[in-house]
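A.B. asks: One point on numbering: in this note's numbering, the residue at position 352 of the sequence shown is 486, and numbering is uninterrupted.
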Amino acid sequence: MWSGRQGRLRPVGCVVEELRCRRREREAALRKARREQQLISKRLLRDDASEEAEGGCVAMILGETEIQHFLRLAQQGTEEKERERALVSLRRGLQHPETQQTFIWLEGSMRTLVGLLTSNQALLQLEAARCLHELSHSEQSAVAEACLPATSYLLTYLSGHSSDFIELCLYTLGNLIVESEAVRRQLLPQGIVPALAACIQSPHLTVLEALGYALSQLLQVKEAPEMIIPSVLGSTLPEHILRLLQPGPKLNLGVAVEFAWCLHYIICSQVDNTLLISHGGLSTLGLLLLDMAGAVQRTEDTGLELLACPVLRCLSNLLTEAAMEVVGGQNQLEDERVVAALFILLQFFLQKQPSLLPEGLWFLNNLTANSPSFCTSLLSMDLIEPLLQLLPVSNVVSILVLTVLCNVAEKGPAYCQRLWPGPLLSCLIGTLAFPDIEVVGQSLELLQLLFLYQPEAAKDFLQQSGLQVLERHQEEAQLQDRVHALQQTALHQ
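Put into structure tokens, the structure is as follows:
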């Protein structure tokens, strides 16, 4: 930490190393927080147009008598249409949590529904599956566990021929997987990972999107790093996921979004990211980033912001791998192209989706942390000023911008000489007036590096009344040591 003793200046290398260590510790905590932020949700497939065509009836809460009546008609009706209509009525009723609760506690109800699911009549099978899908969307874990007898059949039907039916089974399994550990315990030994790996070769985009959803749900559960992700990495799924993320005319946005999140959860598990790198993960994602930047330049309404978030997270986390030191050739990212593409996206985010700015800046931080060449790209492409323009957006954005600039400054005198003169110093004096302690602390670190490597900047700081600005933070317990150290550095240059 910063020394509080007056009149003692440590060697430049020592100060830089302490700054770097403190920043890396903070970044490790941020990465851990990102891994722990789960994006679990459930999906519900409903054909609203079909509902309206069927009469637009308002779904009614069903009691035991009505449920038994519809199940009996579906099982024993004399005409197939009558049986199908009974299941449609039951499905509508199951849209209500009250009906769901009544259904699962009604003796024999699930057994009857599973029997209809396994019947040899396609329309009845489909309506029974839709009933199960309504149940799978319940927020009650007891409802998900009540569906346990049906899950094996849903898994089996993934190898069927009807893309609509497979899609429905995948979304239903995805909903149940994330809700119930009992469901996962049953499906894992029954081969859900190989079944999903077989599905990923489907030519149907709706099936692929549903598969991406189901797989992403499976990859988020608490036991995934130990029990699921090793199996996924040992299957053909990773190479097919990367194939579906390759830019080009065949890239489908909905499919790509789902599988980009899948890749994100695999990477965050840190089970074996070198495998993904060896499969060309970095180069594929880097090319996809370039493609997205080109797309947002061509049109304003691309929807690519949905894809940008997981892609940037994947790239950011892969770049933290120690294995990067030995990765070469086609798996490396191209410096200037990636940096240029990232700044195009940052400008797009600033205008259309400011909440994604931290994702882009986190990637830029990881690009520049250990790479003099990426830092050189920032300077040679005159991107420091556009970076500084992001400072007022938010405290989080300010901290990340300042962290990136610290990455550049810590590379040494040649880099600091190119950072200054320019708007940097006046911007930093401005950030020292921010009320957020972390922003001020990061500004102090950057100024310390700048003064150590570029003494002229310290003189300019003094001329711009920088010491007076620092004085307002002398009583801040978390900043006192750093303020004092910076004052000493500035005065002794």
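Glycine included, every Cβ here is placed at the ideal spot set by N, Cα and C.
1) Can you grab the Cα-Cα spacing for the pair asparagine 644 / proline 444, in whole Å?
2) What would DSSP say about alanine 611, mapped onto helix, strand or coil?
3) Inspect the CB distances between the segment 424-434 and the segment 393-411 and report whether three or more fall short of 8 Å.
4) Using only the alpha-carbon positions, how far apart do cysteine 333 and arginine 225 sit?
5) Would you mind reading off the limits of the alpha helix (DSSP H) that contains glutamine 235?
6) Determine whether the beta carbon atoms of phenylalanine 483 and leucine 476 lie at a separation below 8 Å.
7) Give me the Cα-Cα distance between leucine 601 and glutamine 608, rounded to the nearest whole angstrom.
8) Could you check the C-alpha separation between leucine 586 and threonine 623 for me, to the nearest Å?
9) Which residues mark the beginning and the end of the alpha helix (DSSP H) in which leucine 310 is found?
10) With methionine 244 as the anchor, note down where its alpha helix (DSSP H) starts and where it stops.
11) Using CA atoms only, rank isn't needed, just tell me which of Gln612, Trp554, Leu613 is closest to glutamate 590.
12) Could you check the C-alpha separation between histidine 626 and leucine 566 for me, to the nearest Å?
13) Does the segment 301-310 touch the segment 347-356, meaning 3 or more C-beta pairs lie closer than 8 Å?
14) Leaving out the 5 sequence neighbours to the left and right, which residues in its chain are closer than 8 Å to leucine 258 when beta-carbon positions are compared?
15) Excluding the 5 residues preceding and the 5 following glutamine 171 in the sequence, name in chain order all residues of the same chain whose CB lies nearer than 8 Å to its CB.
16) Could you tell me if serine 577 is buried or exposed, where buried requires 16 or more neighbouring beta carbons within 10 angstroms of its beta carbon?
17) Would you give the residue range spanned by the alpha helix (DSSP H) that valine 389 belongs to?
18) If we call anything under 8 Å between Cβ atoms a contact, is leucine 446 one with phenylalanine 497?
19) Whole-angstrom Cβ separation of leucine 269 and leucine 228, contact assumed at under 8 Å?
20) Could you give the C-beta distance for leucine 620 and glutamine 582, rounded to a whole number, given that I count them as a contact under 8 Å?
21) Identify whether glutamate 605 lies in helix, strand or coil by the three-state DSSP scheme.
22) If you measure between the beta carbons of leucine 604 and alanine 543, is that distance less than 8 Å?
23) Where does leucine 330 fall in DSSP's three states?
24) Residues in the same chain with beta-carbon distance under 6 Å from alanine 390, minus the five sequence neighbours each way, listed in chain order, please.
25) Closest to leucine 480 by CA distance: which of Asn504, Val531, Cys509 is it?
26) Applying the 10 Å Cβ sphere with the 16-neighbour rule, what's the burial state of lysine 356?
27) Determine the burial state of alanine 331: buried for a count of at least 16 other Cβ atoms within 10 Å of its Cβ, exposed for fewer.
28) Are there 16 or more other CB atoms within 10 angstroms of the CB of threonine 537, so buried, or fewer, so exposed?
29) Taking the C-alpha atoms as reference points, what is the distance between valine 317 and glutamate 360?
30) State yes or no: is the C-beta of histidine 267 within less than 8 Å of the C-beta of leucine 321?
31) Among Leu562, His338, Ser286, which one has its Cα closest to the Cα of serine 599?
32) With a threshold of 7 Å on Cβ separation, who are the neighbours of glycine 376 within its own chain once the five nearest residues in sequence on each side are excluded?
33) Using 8 Å for Cβ pairs, my map puts valine 248 next to tyrosine 287. What's the rounded Cβ distance?
34) Taking all protein chains shown into account, do 16 or more other C-beta atoms lie within 10 angstroms of the C-beta of histidine 295, making it buried, or fewer, making it exposed?
35) I need the straight-line Cα distance from isoleucine 238 to methionine 244, nearest angstrom please.
C.D. replies: Working from what's here:
1) The requested residue 644 does not occur in the structure, where the chain is confined to residues 135 to 627.
2) coil
3) no
4) 27 Å
5) 231-239
6) no
7) 11 Å
8) 7 Å
9) 297-313
10) 243-251
11) Trp554
12) 21 Å
13) yes
14) Ala208, Glu214, Arg217, Glu218, Leu221, Leu250
15) For glutamine 171, the predicted model reports a pLDDT of 48, less than 50, meaning its position is unreliable and no value from the coordinates is stated.
16) buried
17) 387-403
18) yes
19) 6 Å
20) 5 Å
21) helix
22) no
23) helix
24) Leu379, Leu441
25) Val531
26) exposed
27) buried
28) buried
29) 17 Å
30) no
31) Leu562
32) As written in the sequence, residue 376 is leucine, which differs from the glycine given in the question. Hits under 7 Å: His413, Gly414, Gly415, Thr418.
33) 7 Å
34) exposed
35) 7 Å
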